[in-house]
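Enquirer:
Chains as they are written, first to last, in this note's numbering: chain Z, 1 to 332; chain Y, 333 to 664; chain F, 665 to 996; chain D, 997 to 1328; chain A, 1329 to 1660; chain W, 1661 to 1992.
Laid out in structure tokens, this is it:
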């Protein structure tokens, strides 16, 4: 594989605090050698582990972006043992647009890993993150929320891993993050995500879900800010021990199978029966799907196909056929 | 002005319940004589007033759409004295897209009145509503919410009118609707709205704000459902008297001037200091605007320039320069 | 109303054959003073009437375009008494794209009359045709076919006119054109068409339907070529009398009301029961609408609501809700 | 290669009739975990071969879609020995749009094989068809027509294969399908098609051409309906022997080389000299290309460069430089 | 006509220097009450005339924008008698894009006057400039250059006016501006420009052409900076007399008719025979148009149809049919 | 790797002059088997080397296109020993649009090598150039200019190569071309370019920069025309020795590192301190970046970070954050 065409004014081997940019080539009609600038902050001091914290993988998820911007503005070398690399708006073009998908290549950046140095903008950037940044890391956490369409209970998220030692270290880090929930995912489509790529490189890695609806949720912002510092403490980069939130230790849960999802069978307006966080029962009404085009048709009732906690709920009122409207979690 | 090219299979002079469509011409490359279908329901019985209830003026405002769909499915001729005309998804193309603006002509439908029979899709439809439907009406209410970008306290909205009798009748209708707030607007840009057009035709008319954030808010749905039946009772179309909500009678408020707005001076992520509905003080912090592109710049603090109730708040996390992030209301 | 900004290198007062261009301003990012070129041919000789023949009002209707291109290449001043103005590709940008709608402003050019010298591209061009070309004319014929979506029996088309003398002169011209059918339209939405505009200026005017499906129909091309020369003869611009087609004199028909249309109530694939030109009966099956999204739902049967001749049929297989799939004509 | 992220509610190992959906991930700005739904029908009974019939590879080809929808609605387990898998609208987004190319990724789905589980929408779907469905199959037929641009004589199509046994089995299946023509293709660009991919997997496979022009041709629908049942009989999944059409056994033909194509050298309107199905001679006029932009230029005459049957003809009137306007077939 | 919906934080009646914004409503899907911000600077002191200087009418014309930004940053109330209103980036959305046309409504802003308070973004802004700003003004100058496509000799531009007193005052102001050339235009399409609108309001008004090619020309920037201060002196707003450039007094010229234009008859690459500013002769070669699509066709030679000064030349290499490639000026 | 689906009517093995087309498949909605035509000219005679000259890799770079069109029209077999292959508009769709990027797939064609026969349009074409044309070649030169955004001193460009013999042969060819400058590039992102691909195939290869600004620079056209014939002479395909330009032998230069670039840190208007070709000093002002959105902010001064020759300068006035505005070259 060829070298990355991405360059940066940050020197990863230098101690101290550096605020710089990744310069990612993007040829425009009026600027053949134009580049997009991705803000990057490195704070390094002495010997110690390297941790990469990322937000803005999807542009419409804000708790992580604000948390890392605050960290980027305040973290000082004297606070740190080792190295912290912060990408508060990793997929900057989507962040600037406030959208999930790339305004440049239309892609979901979290389906672009491990990337391609000759590929589209997102693939070039993903390749840099994978081939240049990840090899420096001991720990990685990619801060997500539910985006415009979904609302999700605040959770650290890891994959169920075959290696028990890696599984244990991942769960330890999730415990440290200290969200109300730790979600252990058994995902079919995890391959092209940053989380899966970090795992493939043997890095202790997490992602998260910290709200959604396209808004900055103030309660979840507090959880994210506490959690980000907690993982730095857990990694040994900051001193001190992780703080426990007012809700106590994180509850480990999982989503066993597709029966724990409710999907909309038609386009329509979704009227949920329960609020996010409700305990729901198999067979109970999940809500009604209103068919706008025909006031003579009854709203379609949908029911849950599993018991559990309403972990993730459709936020936006309008849904399209195939959209998930509810995801149920079970204790692990 | 020429006649409208819109046709319908509903006969407005007929008693009983009819579910039909407005057929609005829309020439496509593959269907020169194609039409868009707008669902319409008419329920008429005996002599009495005519009231037009509309929702889906903006496609991403759901409380009104669901309320009118439910009414459209349940209202029977025997319930009614006079005539109810329901457009649960008035600007249907935007409703189907779940967007504020038209996917056909890019326009905000509520800036298209009084319309034009030779104009764009939205202008043709607005002209039909204005020239065919409004002349039949004694009362009109256009149900809005705050849309994807804003969240707004549930309110009936009317304009400050020069004619004291019309003002009184408008406030009576708002009292009947019974939202927590009645907002009396002094608007500069009201000209091209449906509300202003109904007022110009001498119809007792209201609009509303009933939540926002691009979601269907369950509490506000209850307010809307009660309110819609209340105005039918107030108009004398349904029997009975309007019901008062658990919050008591509607509080009359206004927005005196532009000093009651806080606008974002740059693009960024908005972190509000207060929740919607807070009482705020002139000079107090309204929130911080985070500038994603430069982790070395401090977040910009914005302050309120007036005292009052935080009636409307930016919902979406990402804002652009020029977006309102807070609107303060004062008691009338 | 201001003067047209359109210029031309053709001198309408000059005898002889001129091939030129209308130069219609179209500002582009890379050419602020750029113009679009519309081919125009004028053949004039001696004293006599002026007739304007136009095709390519819609870009995907070809019988008229080819007929007028052939006329434009072959008509010589010595053949003519009076003046023939030919616009074989009147709305040239749509013709070059092979589309009904404008690739510049998205408009249906035949909904742009009488136009606006400060408006969009189509409105500026329509204003020129109306304010500069029509005032020179005694006769006008605008050659249409059914376009990509529809297939239509070859017909000259005129409006039912209040003035009996104009009605008679219009029907005389249609008889001369000599299509199998003369359609006398009672249109709601005729206002913004070239035909209606020509009528408002007191010009004897026709349009036509000469096939469709986005193809060049060879049988209908023959009818169009004969018809175009026939109207020149009828106007006295060419010598000789109009030729009658092998099918005999034109049959006068009309479409009395909306009951003579069958519209698709859903998106789907249209399977017609009858070929174009069939005699059909009220209540008989018009065809089936196949709903692609659900193989468990039966195809929706649609029936005719009137007796008559299947004058116009949906051509393209895929239809959208609101598209006409059949139009029935009755003898006048 | 990674596993497919596509899931389905159909259980391919279960006997009986199932109507379900393929759920293909498609991240939208407002639905990060959204999916597109592809209708699938499986009818299975007892031991026997598996045959996969597909239509809607291109969305604007309708004979196959309607045929498979009818089969999907009517085929019962008791009719079947073995297993029939039906995808009546395989590339559903293009079918819903009535377009050849994908409205999602702009690709021609039949140039996406063997696909990529991390690729674009079409590549993900192609990868599922290839990696999950094809390995179950003994026979496959992908039903095409000529689409919007071309009209083609009804034909079963297979490739000239190196393995004589596979060639024989392919021709046997084509004989069974019983279209008027069996086209044996020697294609340069066959690599990324479903047909080529099925062949690479050792499946007896055919595609077809069954009309075109963007319409549903009723004569060709009959041929397709008969043919689809014939291949089921030939495979032994339905009982009985294939029925021969009124035109007798299929005629085996081929297109020897590029000299059998006529291509448009310019943009223009194509006026063909011959109807589809004509016998044509090398050097004879194929038609005239009218250049709309200049009424002074003669139409460009094009001639055939080979003798044979006019198997495929340009349907749409407007052509662009590089478009084929005629394809000549020779008996094998 | 209704009042403008545009507001501003600048108080035009206040003395001193104010830097503010025009707030122009622009409804977005995610911000229904969003506004676009147009920078405005007012510097006022004592009694005296009002002059409005504007640049960025077209976004890709830079000499005026930089000149007015410099003025906006440096002009102090003590320098001024009367009032200077500066719009350095009048059509800000196009300026931010570096394009001639609006990225919002696609319009050329200088074809939007007198505007419409209910119209598109450009029409709303034009209406504000016309109905609010122009009535305050005694003098107006709108600074243009040739944009991306054209290169033009530095010139002040006015219209030939019927009123001899207004003509004299206009020429006096042009003399004061002191560009090498003063162009007196006889324009057909001047109606919808800001210059024509200012003239209709009886204001002494000029526009300019000051280079082009989409670049900031340093020599022309000097001319513009001198000229802008000169017109302030001429108006009496700044003290002192206008400075004469090193090229001496302005030369008055005109473009008598369309014969002074050379237009490209085809798409191609334009190779000019002469540099901008050359004296050219009727019948001499203007250049060659290279037809990229066919290396066998000779480049098309074009000749001048008039004598004079090559005042405006095509800059961009690629031209489309209908683009002007040369404009010849004559001494008045 | 599969065979290319591109075909051509040119026979590369035939002597004489042939003007033909590459036929590159491009499926359109209305032409499934449509192709794009790329003009190609081959002039061959006797035994000798093969040289491929290409222009129009980027559509908005004109000196090479015009030079090769002139060569294509004039070069005769009798002039040649060996074979000359000319692609005057290699990436024809971009050339026809006058844009750098592809109007078909949005890609920069010079980032598409070595291509993919199943990929996007640009990848398919690149694969043909690489797999079919390059293997025939002894020499290759790809003629570039700076495009719309940049202006660059006329230069032949080669890479610093590890193989000293290839380096020497490359420099010999550059000396022969005889531009004022020979630029020896040390590029990070060269991988996907045609130049790098030709080098990987062991061909003596150059590219060039010959002006820019989106215009055809007449002085640079002369250099290009002389240079193109010079490389033909150098290769031995034409007789005679390369001509030296009036500026003498080519000066060998390089760009040592990123410190020789000045990048814009914000969007704005760039006002350069120096003209292209100036000698500049480290620390000296490179220019000012004007921030249009805020007339109260000072223009941002940017300085050079290296001494040398201003080899490449931003041409377009408007820049975006990340755009290079100056590139400094050093003598080798």
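Note that CB positions come from ideal geometry on N, CA and C, so glycine has one too. Keep in mind the model is a prediction, meaning the values are calculated, not measured.
Kindly indicate which residue of Z:131, Z:182, Z:135 has the alpha-carbon position closest to the one of residue 153 of chain Z.
Expert: Z:182
Enquirer: Within the 9 Å Cβ cut-off, does residue 864 of chain F reach chain Y?
Expert: no
Enquirer: Answer with yes or no whether the minimum CB distance from residue 1726 of chain W to chain A is below 9 Å.
Expert: yes
Enquirer: Which chain D residues sit within Cβ distance under 8 Å of residue 108 of chain Z?
Expert: 1023, 1028
Enquirer: Can you list the beta strand (DSSP E) stretches of 3 or more residues lying completely in the stretch 1218–1265 of chain D, in chain order?
Expert: Listed in chain order, the beta strand (DSSP E) runs fully inside the stretch 1218–1265 of chain D are 1247–1250, 1257–1259, counting runs of at least 3 residues.
Enquirer: Tell me which residues share the same chain as residue 323 of chain Z and place their Cβ nearer than 6 Å to its Cβ, disregarding the 5 neighbours each side in the sequence.
Expert: 264
Enquirer: Please report the distance separating the alpha-carbon of residue 638 of chain Y from that of residue 615 of chain Y.
Expert: Between residue 638 of chain Y and residue 615 of chain Y, the C-alpha separation is close to 7 Å.
Enquirer: Compute the distance between the beta-carbons of residue 1647 of chain A and residue 1653 of chain A, then report whether it is under 9 Å.
Expert: yes
Enquirer: So residue 1596 of chain A and residue 1618 of chain A are in contact, right, with Cβ under 8 Å, and what is the actual spacing, rounded?
Expert: 5 Å
Enquirer: Taking only the alpha-carbon atoms, compute the straight-line gap between residue 1701 of chain W and residue 1873 of chain W and give it to the nearest angstrom.
Expert: 28 Å
Enquirer: Between residue 339 of chain Y and the rest of its own chain, which residues show a CB-CB distance below 6 Å, the 5 nearest in sequence each way excluded?
Expert: 355
Enquirer: Could you have a look at residue 1450 of chain A and say whether DSSP puts it in helix, strand or coil?
Expert: helix
Enquirer: Considering just the uninterrupted stretch of the beta strand (DSSP E) at residue 1469 of chain A, what are its terminal residues?
Expert: 1467–1471
Enquirer: Mind checking if residue 298 of chain Z is an interface residue toward chain E, Cβ cutoff 9 Å exclusive?
Expert: Considering every chain present, this structure includes no chain E. Its protein chains are Z, Y, F, D, A and W.
Enquirer: Could you check whether the Cβ of residue 118 of chain Z sits closer than 9 Å to any Cβ belonging to chain W?
Expert: yes
Enquirer: Show which residues of chain Z have a CB atom less than 7 Å away from the CB atom of residue 1981 of chain W.
Expert: 37
Enquirer: Please classify residue 1607 of chain A as buried or exposed, where buried requires at least 16 other C-beta atoms within 10 Å of its C-beta.
Expert: exposed
Enquirer: Once you ignore the five residues that flank residue 1748 of chain W on each side, which residues in its own chain have a CB closer than 7 Å to its CB?
Expert: 1699, 1715, 1716, 1725, 1728, 1729, 1732
Enquirer: Would residue 581 of chain Y and residue 510 of chain Y qualify as a contact pair, given that the criterion is a beta-carbon distance under 9 Å?
Expert: yes
Enquirer: Would DSSP call residue 1621 of chain A helix, strand or coil?
Expert: coil
Enquirer: Can the beta-carbon of residue 1962 of chain W be found closer than 9 Å to that of residue 1811 of chain W?
Expert: no
Enquirer: Would you call the stretch 7–20 of chain Z and the stretch 90–101 of chain Z touching, i.e. three or more CB-CB distances under 8 Å?
Expert: no
Enquirer: Applying the 10 Å Cβ sphere with the 16-neighbour rule, what's the burial state of residue 1686 of chain W?
Expert: When all chains shown are included, residue 1686 of chain W counts as buried.
Enquirer: Helix, strand or coil: how does DSSP classify residue 63 of chain Z here?
Expert: Correct three-state label for residue 63 of chain Z: helix.
Enquirer: Check each residue of the stretch 369–396 of chain Y: if its Cβ is closer than 8 Å to any Cβ of chain Z, include it; give the result in chain order.
Expert: Within the stretch 369–396 of chain Y, the residues whose Cβ lies closer than 8 Å to any Cβ of chain Z are, in chain order, 369, 371, 373, 388, 391, 392, 394.
Enquirer: At what residues does the alpha helix (DSSP H) containing residue 507 of chain Y begin and finish?
Expert: 496–509
Enquirer: If contact is defined by three or more beta carbon pairs under 8 Å, each pair taking one atom from either stretch, is the stretch 1434–1454 of chain A in contact with the stretch 1404–1416 of chain A?
Expert: no
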